[in-house]
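Student: Residue 69 in numbering that gives the first Met the number 0 sits at position 70 of the sequence shown; the count goes up by one each step and never skips. Idealized CB from N, CA, C, for every residue including glycine. What you are looking at is a predicted structure, and each value in this text was computed from that prediction instead of being measured. One structure, as structure tokens, below. Some questions next.
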Amino acid sequence: MKPKYQVIADSLRDKIISTEHVVGGVIPTELQLQEAYHASRYTVRQAVSVLVSEGYLRKEKGSGTYVNEPPTSTSEISPKKTIGVITTYISDYIFPTIIRGIEKELKADGYSLLLSSTNNDYLQEKECLDRMIEFGVDGLIVEPTKSNQYNPNLATYVTLREHNIPIVMINATYEELSTPSIHVDDVETGYLATKELIDNNHQRLLLITKIDDLQGKYRMKGFIKACEEKEIKLSSNSIITYTTENEVSIYDKIISHLKEFTDISGIVCYNDKIAKTLIGKLSSLGYKIPDDFSIVGNDDSTLSQMGEVSLTTTVHPKEKMGIDAAKWIVNTIKNGKFEKDILYPPKLIRRNSVKKLKTED
């Protein structure tokens with residue numbers, strides 16, 4: 000059985016071909032189509048988007064949707080499918096590499112890409128979703144916004160699923176939705192980073208983690224797991240958290256914390272960006288890395304090898320994740336059933352930001 004939007008698209012196409020809707024004329028308004036087909040606004044927009052992509056209709060902003068001359072060749076009526084990609088950021092940190100992987104694979108499969116970013120903000124995420132719905136994308140690759148908090152846009156995601164638009168989440172997921180996902184094992188990431196410090200005889204540790212994203216919660220879980228396993232004492236002073244909004248100001252808090260608790264020698268950071276920024280600020284105050292503090296990052300980003308101190312870090316697959324996400328969404332569309340989730344096991348890259356401490360005899 001065809002989805003409702005396809006039934007409406009077929010009906011409108013037949014009316015255009017039979018000249019019931021004449022070339023150059025305006026088709027009925029969204030509201031009129033909703034009433035005529037007993038359909039939601041979203042379903043009507045999907046149907047119209049199909050015919051726009053096929054060349055039967057064209058939209059003119061502020062004027063309406065007009066009927067084109069019906070396509071005459073097979074190539075003209077074989078629209079290029081479009082995949083929507085929503086990430087928290089586009090040009091920052093590891094995201095260009097992820098997007099490059101997605102774009103490379105989609106292009107190879109004959110799909111186009113519609114890209115938006117949320118800046119990890121719910122309102123901007125809603126705008127991105129509305130844009131994707133308006134365009135009538137065939138599938139969505141999404142990096143969740145503030146995935147460790149309640150999201151007011153969950154209902155929109157449910158609506159998309161009800162209309163058979165496949166969605167795959169990358170890096171994290173909305174746990175309330177049980178949406179298919181492709182991500183790194185963040186618990187193991189936190190565990191490996193912490194274990195590296197413990198294996199180098201660091202006993203007083205500090206975790207700096209982002210708490211509004213799910214990755215940060217899971218990396219914290221790995222940090223605690225490693226400490227418990229190795230019988231490392233934890234206290235309320237062992238973890239500092241931050242959010243998207245206060246990331247810029249967190250460094251002053253960290254430095255004050257290190258000055259107060261002078262026995263801390265090992266620091267696990269949420270990602271390379273936090274780690275390298277912290278190294279820069281500590282260095283400007285006269286501290287030496289790794290002599291004064293051993294620091295481990297996460298993501299093996301280009302930042303990790305910049306500057307005098309190359310960072311010990313865990314690996315994020317980046318471009319491979321983008322390629323795998325594109326393959327996942329294309330195969331799901333072609334086969335009509337969800338592909339399996341993908342979980343990447345992390346690995347550690349050792350560089351020179353960790354010092355092995357001498358043990359007491």
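Would you identify the three-state DSSP class for I181, choosing helix, strand or coil?
Tutor: Within the sequence shown, residue 181 is the residue found at index 182, counting from 1. It is a strand residue.
Student: Let me know the secondary structure DSSP gives T188 once reduced to three states.
Tutor: Numbered from its first residue, the sequence shown carries residue 188 at position 189. T188: helix per DSSP, three-state reduction.
Student: Which residues in the same chain as T90 place their Cβ atom closer than 6 Å to its Cβ, once the five residues preceding and following it in sequence are excluded?
Tutor: Taking the sequence shown and counting its residues from 1, one reaches residue 90 at position 91. Reading off the sequence shown, one finds Ser at residue 90, where the question assumed Thr. Cβ neighbours of S90 beyond the five flanking positions: none.
Student: Would T312 and N297 be called neighbours here (beta carbons separated by less than 8 Å)?
Tutor: Stepping through the sequence shown from its first residue, residue 312 is reached at position 313. Stepping through the sequence shown from its first residue, residue 297 is reached at position 298. It is a contact, given that the beta carbons lie within the stated cut-off.
Student: Looking only at C-alpha atoms, which of T261, D212, E246 and E228 sits nearest to N236?
Tutor: Position 237 of the sequence shown, counting from 1, holds the residue named residue 236. Minimum Cα distance to N236 is reached at T261.
Student: Helix, strand or coil: how does DSSP classify M320 here?
Tutor: Locating residue 320 in the sequence shown gives position 321, counting from the first residue. Three-state result, M320: helix.
Student: Determine the burial state of E19: buried for a count of at least 16 other Cβ atoms within 10 Å of its Cβ, exposed for fewer.
Tutor: As a working mapping, residue 19 is identified with position 20 in the sequence shown. Burial call: exposed.
Student: Considering Y250, what are the terminal residues of the alpha helix (DSSP H) in which it resides?
Tutor: For the purposes of this step, residue 250 is taken as residue 251 along the sequence shown, with counting starting at 1. Segment I249 to E259, the alpha helix (DSSP H) holding Y250.
Student: Within 8 Å, do at least three Cβ pairs link the stretch 162-169 to the stretch 191-200?
Tutor: Verdict: no, contact absent.
Student: Under 8 Å by Cβ, that's how I've got I332 and G138 pegged, so tell me the actual separation to the nearest angstrom.
Tutor: Within the sequence shown, residue 332 is the residue found at index 333, counting from 1. Within the sequence shown, residue 138 is the residue found at index 139, counting from 1. 6 Å between Cβ atoms; contact.
Student: Quick check on I140: buried or exposed, where buried means 16 or more other Cβ atoms within 10 Å of its Cβ?
Tutor: Translated into positions along the sequence shown, residue 140 becomes position 141. It is buried - the Cβ of I140 has at least 16 other Cβ atoms within 10 Å.
Student: Let me know the secondary structure DSSP gives R350 once reduced to three states.
Tutor: For this step, residue 350 is matched to residue 351 along the sequence shown. The answer is coil: DSSP assigns R350 none of H, G, I, E or B.
Student: Quick check on DSSP: helix, strand or coil for I239?
Tutor: Taking the sequence shown and counting its residues from 1, one reaches residue 239 at position 240. In this structure, I239 counts as strand in the three-state DSSP scheme.
Student: Considering only residues of the same chain and omitting the five flanking positions on each side of T59, which have a CB-CB separation below 8 Å?
Tutor: As a working mapping, residue 59 is identified with position 60 in the sequence shown. Note on residue identity: the sequence assigns Glu, not Thr, to residue 59. Correct list, in chain order: Y65.
Student: Give every residue of the same chain whose Cβ lies closer than 7 Å to the Cβ of L257, excluding the five residues on either side of it in the sequence, and list them in chain order.
Tutor: Taking the first residue of the sequence shown as 1, we reach residue 257 at position 258. Excluding residues within five positions, the ones whose Cβ falls inside 7 Å are I263.
Student: Determine the extent of the beta strand (DSSP E) in which K58 is found, giving its start and end residues.
Tutor: For the purposes of this step, residue 58 is identified with residue 59 of the sequence shown, where counting begins at 1. Its beta strand (DSSP E) spans residues L56 to E59.
Student: Within the continuous beta strand (DSSP E) that includes K229, where are the two ends?
Tutor: As a first step, residue 229 must be located in the sequence shown, where it is residue number 230. Looking at the DSSP string, K229 is not in any beta strand (DSSP E), and its letter there is neither H nor E.
Student: Could you say if the stretch 199-207 and the stretch 267-274 meet the contact criterion of at least three C-beta pairs nearer than 8 Å?
Tutor: These segments touch.
Student: In terms of residue numbering, what span does the beta strand (DSSP E) encompassing I294 cover?
Tutor: For the purposes of this step, residue 294 is taken as residue 295 along the sequence shown, with counting starting at 1. Segment S293 to V295, the beta strand (DSSP E) holding I294.
Student: Return helix, strand or coil for S364, following the three-state DSSP convention.
Tutor: For residue 364 there is no data in the structure shown, the boundaries of the chain being 0 and 360.
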